[in-house]
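So the number in this note's numbering is just where the residue sits in the sequence shown, counting from 1, plus 752.
Virtual Cβ for every residue (Gly too), placed ideally from N, Cα, C.
From a predicted model like this one, the values you see are computed outputs, not experimental measurements.
To start, the structure itself, in C-alpha cells.
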Amino acid sequence: MSDGSPGSRIRPIGADPATLRVGNASGFYGDRFDALREMLTGGPLDVLTGDYLAELTMLILGRDRLKDPARGYAKTFLRQLEDGLGLAAERGVRIVTNAGGLNPAGLADAVRELADKVGVPVRVAHVAGDDLLARGGWGEGVLTANAYLGGGGIAACLRAGADVVVTGRVTDAALVSGAAQAHFGWRPQDLDQLAGAVVAGHVLECGTQATGGNYSFFGAHDLLRPGFPLSEISADGSAVITKHPGTGGAVTTGTVTAQLLYETAGARYAGPDVTARLDTVRIAQDGPDRVRIDGVRGEAPPPTLKTGLTRLGGWRNEVTFVLTGLDVPAKAELVRAQMDAAFDAAGRRPAEVRWTLARTDREDAGVQEEASALLRLVVRDADQDAVGRVVSGAAIELALASYPGFHVTAPPGKGTPYGVFEAVAVDAAEVPHTAVLPDGTRTGIQPAPESRQLERLADPPLPEPLDAAAALPTRRAPLGLVAGARSGDKGGSANVGVWARTEAVWRWLAHELTVERFRQLLPETAELPVDRHVLPNLRALNFVVDGLLGEGVAAQARFDPQAKAVGEWLRARHMDIPEVLL
C-alpha cells in the first residue's frame, strides 16, 4: 500500500495508464438527482466526481449543524448512492465528492453504513482539516470557517485504495486534479500537469454548464436534458472535454470557453496546489462533442489558502408592490412616502431600507401583467422585530388606502435571516490538511514546497483593430449578436466574462469594450471598482466588479444575488457594431 505521500506511485486508478476518464454528476447541492446513475451507466469512467458546495451551501450546512452536530453534510448524496454504490463497484469506478461539507467524517461513516445495508463492500476514506472554526479568532457570529484545500488528500486516499473519497471544503477543481495526481503519480513540482488538470476540473465542476447549460447561444443545441461532462486527462496534463454518447446538450469550444470564464478573475487562477495560467490555455474542437485543452502552464501556488467565513448578518424582509397602468412614477412615490410615514409613526425604521423600481410595464399592453411595473422594498436590521410586523403590517394596511390597483406579489412575512460571506487568507502551513485512509490511518498532507505571491499580470498587447485605416459603417444592435457572456459571483464581487466567436469580432471587441464602456452599458457598476483582464487565447475579456453583490449571495443584496444574468444583461445592451460583423 502507498504511504499516501505526493509523488508515490501505485497501479493507476483506471484501466488505461495513459488516460484518466473523470466525470461529474453534480454542480451544486440540489442538482439533477439521477445524474449519478446516468453517468455510471452511460459509458466508461474511471472516477466520478460530485460538487455539492458553494458559499451559500456552507451557510445552510452551518445552520444544520447548529440544530444537530451530527449533520452538516449533503444528505442527497447518500440517497443517490443507494443504487449508485453498487453500479460504481460493478464498473470499477471510484467516487470523489465534497458532499462531506462540514462533517466529512460523518458522511464517510454514513457511506459505510449504507454499504453494509446494500451489501456492497467498499473502502471509504475522507479528507479532513479544512474546518478551522474551533481555532477561533474569527469574530462574532461566525458559523463556518473552512479553508479551501487542494487535491493532495484526495490523491493520498485514492492511492491507498479508497473506492469512495469524501471531502469537506476543497477547491472545486481539486476533485478532478486530486484524482489525476493519484493516477499519474505527479509530484508537487509537476506544475504544468497539475495546472492542466485544474483547468479540466474547473470546466467539469459546474456540471452541465460545460455541455450547453446557461450558454448564451443555447438555441443551437438540444438542451431539453443536457448530459453531464467528462474529461479524458493525459499524463502531460492535457485533456479532452466530452460527454457520454447519446446524451443531450453539446460540447463545443464555445461551451467550454464559457465555463472557463465562469467565476474567474485574471490570467492567474490560483489554487492550493498550483496557479494555473489561463492566458496559456489553448482550446480546439477535436471532433463532435469533443474539445481539446492543452498548453496550460502552471506556477507555484500562493503561500496562503483562501478561507471562507459565513455568519448570520441579521434579518431581512421584502415586499414587491405591483404598479399597473398609468402614472407609475407617481404611484411609486406615493407608496414610498406612505411606508416612510408608517416607519416614523412606529418609531422603528429598519437600519437599511432599499427601494428598486423595475419598469417591466409596456404602453397599451394587451396583457395585464405586461402593463405592470414592480416596486421592490428590501429592509435589513440586526433585530428581527425591526423588519417584521413594522414592515409587513404597514404594507398590508395600505391595501385600501394607497395607489389605484394596489396589490403585492406575495404576502409579506415576519422576516428571514440572511448570511454574510467573507474570504480571508490563512498560512497554508497552519492548516492541518489530513487524509484519513480506508484503514483509519491519518496521513498529513504537506503544503506545496514552493510558493509565489499572487500578482496581477500585465495585460498582453491587444490585437490589431478591425480596420485601423478607415471608419467602418456601424449599426446599433445588441452586443449579444456577436459575443457570448457568462457571469457569476465570488463573495461580494461579480465576474462577467465576454468572448468573441470569431477573430474579426475579437479585434473589434478588445478595443471597443473598455472599462468605461462597460460602466456605461451597466450603470449599476458605474461607481464600483471594475478591472478588465484580457485573455487573447480565448478571445475573451473578463471583467471583475467589486462590491456589486454586497456581502455575498446569502445577503441577497440585489435582484440577481449571484450575478448569474449580468452577462446576459450586458449582451442585451446596444452598441454601434460594424455592419461587417453583423
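Taking the C-alpha atoms as reference points, what is the distance between ALA787 and ARG817? On the sequence shown, position 35 is the one that residue 787 refers to. On the sequence shown, position 65 is the one that residue 817 refers to. Whole-angstrom Cα-Cα distance: 27 Å.
C-alpha gap between ALA925 and VAL950, whole angstroms: On the sequence shown, position 173 is the one that residue 925 refers to. On the sequence shown, position 198 is the one that residue 950 refers to. Near 5 Å, if we compare the C-alpha coordinates of VAL950 and ALA925.
Whole-number beta carbon distance between LEU956 and THR828, since they are thought to touch under 8 Å: On the sequence shown, residue 828 is found 76 positions in, with the first residue counted as 1. On the sequence shown, residue 956 is found 204 positions in, with the first residue counted as 1. THR828 to LEU956, Cβ: 19 Å. No contact.
So ALA1094 and ALA1134 are supposed to be a Cβ contact under 8 Å. How far apart are they, rounded? Here the question's residue 1094 lines up with position 342 in the sequence shown. Here the question's residue 1134 lines up with position 382 in the sequence shown. That belief does not hold up - the Cβ atoms of ALA1094 and ALA1134 are roughly 20 Å apart, past 8 Å.
What three-state label does DSSP hand SER760 in the structure shown? Reading the sequence shown from its first residue, position 8 is the one you call residue 760. Unreliable placement is indicated for SER760, whose pLDDT of 42 sits below 50; no coordinate value is reported for it.
Throw me the rounded Cβ distance for the TYR1014 and ARG1238 pair, which I believe falls under 8 Å. In the sequence shown, the residue the question calls residue 1014 occupies position 262. In the sequence shown, the residue the question calls residue 1238 occupies position 486. That pair is a contact at about 5 Å.
Measuring only the C-alpha atoms, how far is GLY779 from GLU1268? Taking the first residue of the sequence shown as position 1, residue 779 is located at position 27. Taking the first residue of the sequence shown as position 1, residue 1268 is located at position 516. The straight-line gap from Cα to Cα measures roughly 34 Å.
Once DSSP output is grouped into helix, strand and coil, what is the label at ASN1289? In the sequence shown, counting from the first residue as 1, residue 1289 sits at position 537. Looking at ASN1289 - three-state DSSP - the assignment turns out to be helix.
Assess contact between the segment 1177–1195 and the segment 875–894, defined as three or more Cβ pairs (one per stretch) separated by less than 8 Å. Is contact present? yes
Apart from the five residues on each side of it in sequence, which residues of its chain come closer than 6 Å, Cβ to Cβ, to ARG1291? Numbered from 1 along the sequence shown, position 539 holds the residue referred to as residue 1291. Excluding residues within five positions, the ones whose Cβ falls inside 6 Å are TRP1251, ALA1252, TRP1258.
If you follow the beta strand (DSSP E) that HIS878 is part of, which residue opens it and which one closes it? Counting from one through the sequence shown, the residue named residue 878 turns up at place 126. Its beta strand (DSSP E) spans residues 876–880.
Beta-carbon spacing of GLY920, GLY853 below 8 Å: Against the sequence shown, residue 920 aligns to sequence position 168. Against the sequence shown, residue 853 aligns to sequence position 101. Contact flag set, yes.
Between VAL1008, GLY1001, THR999, which lies nearest to VAL992 when the distance is taken from Cα to Cα? For the purposes of this step, residue 992 is taken as the residue at position 240 of the sequence shown. For VAL992, the nearest C-alpha among the options comes from VAL1008.
Per DSSP, what kind of secondary structure is THR960 in: helix, strand or coil? Counted from its first residue, the sequence shown places residue 960 at position 208. THR960: helix per DSSP, three-state reduction.
Is it the case that the Cβ atoms of LEU1150 and VAL1234 are separated by a distance below 8 Å? Within the sequence shown, the letter at position 398 stands for residue 1150. Within the sequence shown, the letter at position 482 stands for residue 1234. Not closer than 8 Å, so no.
Rounded C-alpha distance that separates VAL1160 from ALA1123: On the sequence shown, residue 1160 is found 408 positions in, with the first residue counted as 1. On the sequence shown, residue 1123 is found 371 positions in, with the first residue counted as 1. Computed Cα separation, rounded: 15 Å.
Nearest residue (CA-CA) to GLU1331, options ARG1228, GLU1264, ASP1241: By 1-based counting over the sequence shown, the position of residue 1331 is 579. With distances taken between Cα atoms, GLU1331 lies closest to ARG1228.
Do you know offhand how far ALA877's Cα is from ARG831's? By one-based count along the sequence shown, residue 877 stands at place 125. By one-based count along the sequence shown, residue 831 stands at place 79. In a straight line, the C-alpha of ALA877 is about 19 Å away from that of ARG831.
Under three-state DSSP, which class holds GLN1011? Within the sequence shown, the letter at position 259 stands for residue 1011. The answer is helix: DSSP assigns GLN1011 an H, G or I state.
Decide if the segment 1011–1031 is in contact with the segment 1059–1070; the criterion is three or more beta carbon pairs, one per stretch, under 8 Å apart. no
Cutting at 8 Å between CB atoms, please list the residues of its own chain near LEU1273, excluding the five before and the five after it. Counting from 1 along the sequence shown, the entry for residue 1273 is found at position 521. Counting only Cβ-Cβ distances below 8 Å, and skipping sequence neighbours, we find LEU1231, LEU1322, ARG1325, MET1327.
DSSP beta-bridge partners for LYS1242? Counted from its first residue, the sequence shown places residue 1242 at position 490. LYS1242 pairs with SER1245.
Count the CB pairs spanning the segment 1203–1210 and the segment 929–941 that are closer than 8 Å, and state whether there are at least three. no
May I ask you to report which of helix, strand or coil DSSP gives PRO978? Stepping through the sequence shown from its first residue, residue 978 is reached at position 226. Strand.
With distances taken from CA atoms, which of VAL1139, GLY1077, SER1144 is nearest ASP1113? As a position in the sequence shown, residue 1113 is number 361, starting the count at 1. Per the Cα distances, GLY1077.
Three-way DSSP call (helix, strand, coil) for GLY1171 in this model: Locating residue 1171 in the sequence shown gives position 419, counting from the first residue. Strand, per DSSP.
Rounded C-beta distance between ARG843 and LEU792? I'm assuming under 8 Å. By one-based count along the sequence shown, residue 843 stands at place 91. By one-based count along the sequence shown, residue 792 stands at place 40. Sure, about 6 Å apart at Cβ, within 8 Å.
Kindly provide the ranges of any beta strand (DSSP E) runs that are 3 or more residues long and lie completely inside the segment 1016–1078, ordered along the chain. 1020–1022, 1027–1029, 1034–1037, 1043–1046, 1049–1051, 1056–1076
Rounded C-alpha distance that separates VAL845 from GLY838: As a first step, residue 845 is located in the sequence shown; it is residue number 93 there, counting from the start. As a first step, residue 838 is located in the sequence shown; it is residue number 86 there, counting from the start. Computed Cα separation, rounded: 10 Å.
Boundaries of the alpha helix (DSSP H) in which GLY1302 is found, first to last residue: For the purposes of this step, residue 1302 is identified with residue 550 of the sequence shown, where counting begins at 1. From DSSP, GLY1302 is part of no alpha helix (DSSP H); its letter is neither H nor E.
Are ASN1069 and PRO1217 close, meaning C-beta to C-beta below 8 Å? Your numbering for residue 1069 matches position 317 in the sequence shown. Your numbering for residue 1217 matches position 465 in the sequence shown. The answer is no: Cβ separation not under 8 Å.
C-alpha gap between GLN1314 and ALA962, whole angstroms: Taking the first residue of the sequence shown as 1, we reach residue 1314 at position 562. Taking the first residue of the sequence shown as 1, we reach residue 962 at position 210. About 19 Å.
HIS1326 (DSSP reduced to helix, strand or coil): Locating residue 1326 in the sequence shown gives position 574, counting from the first residue. HIS1326: strand per DSSP, three-state reduction.
Quick one: residues in its chain with C-beta nearer than 8 Å to the C-beta of THR1005, no 5 flanking neighbours on either side, listed in chain order? The residue given as residue 1005 occupies position 253 in the sequence shown. ILE1035, ALA1036, GLN1037, VAL1043.
Among TYR825, PRO821, ASP868, LEU808, the one whose alpha carbon lies nearest that of GLU834: The residue labelled residue 834 in the question sits at position 82 within the sequence shown. Looking at the Cα atoms, ASP868 is the closest of the given residues.
In three-state terms, what does DSSP make of SER968? Locating residue 968 in the sequence shown gives position 216, where the first residue counts as 1. Here SER968 sits in coil by DSSP.
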